[in-house]
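J.:
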Amino acid sequence: GFIIPAKVALHFLEDFRLHGAFTHFGHPPFQWQCLETQDMRSYFRAEGQGGVRVSAVDPNVASGLQADDVVVELFGERVGH
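Note that this note's numbering has the sequence shown beginning at 705, numbered continuously upward.
So, in structure tokens, the structure goes:
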């Protein structure tokens, strides 16, 4: 078995209520790499923050992100290790 986080279940239920179907989750307009080691976090100046390194950005979306940016939070939720 596996556990479904409450936020995921609530998203599914609200999506189904509004649209009569599940329309999936959106994807961020970038690709990422986890900052898994202390050396990586140190190199990208993310010690104690966690986060993910932006490895590529969708050129069709005006996100304001650039390769090698570090994202530590999305929509109020911390990301990464």
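C-beta atoms are modelled at their ideal positions from N, C-alpha and C, and glycine is treated no differently.
For clarity, every value in this text was computed on a predicted model and none was experimentally measured.
From the DSSP output, read off the bridge partner residues of E740.
T.: Here residue 740 corresponds to residue number 36 of the sequence shown, with the count starting at 1. Note: E740 sits in no beta bridge, so no partner.
J.: Tell me whether L717 sits in a helix, a strand or coil according to DSSP, three-state version.
T.: Locating residue 717 in the sequence shown gives position 13, where the first residue counts as 1. If DSSP states are grouped into helix, strand and coil, L717 belongs with the helices.
J.: Specify the secondary structure class of R782 as computed by DSSP and reduced to three states.
T.: Position 78 of the sequence shown, counting from 1, holds the residue named residue 782. The answer is strand: DSSP assigns R782 an E or B state.
J.: May I ask you to verify whether the stretch 714 to 727 touches the stretch 739 to 758, counting CB pairs closer than 8 angstroms and requiring at least 3?
T.: Using a C-beta cut-off of 8 angstroms, the stretch 714 to 727 makes no contact with the stretch 739 to 758, since fewer than three inter-stretch Cβ pairs fall below that distance.
J.: What three-state label does DSSP hand V765 in the structure shown?
T.: Taking the sequence shown and counting its residues from 1, one reaches residue 765 at position 61. V765: coil per DSSP, three-state reduction.
J.: Kindly indicate which residue of S767, F726, D772, A725 has the alpha-carbon position closest to the one of V756.
T.: Working through the sequence shown from its first residue, we reach residue 756 at position 52. Per the Cα distances, D772.
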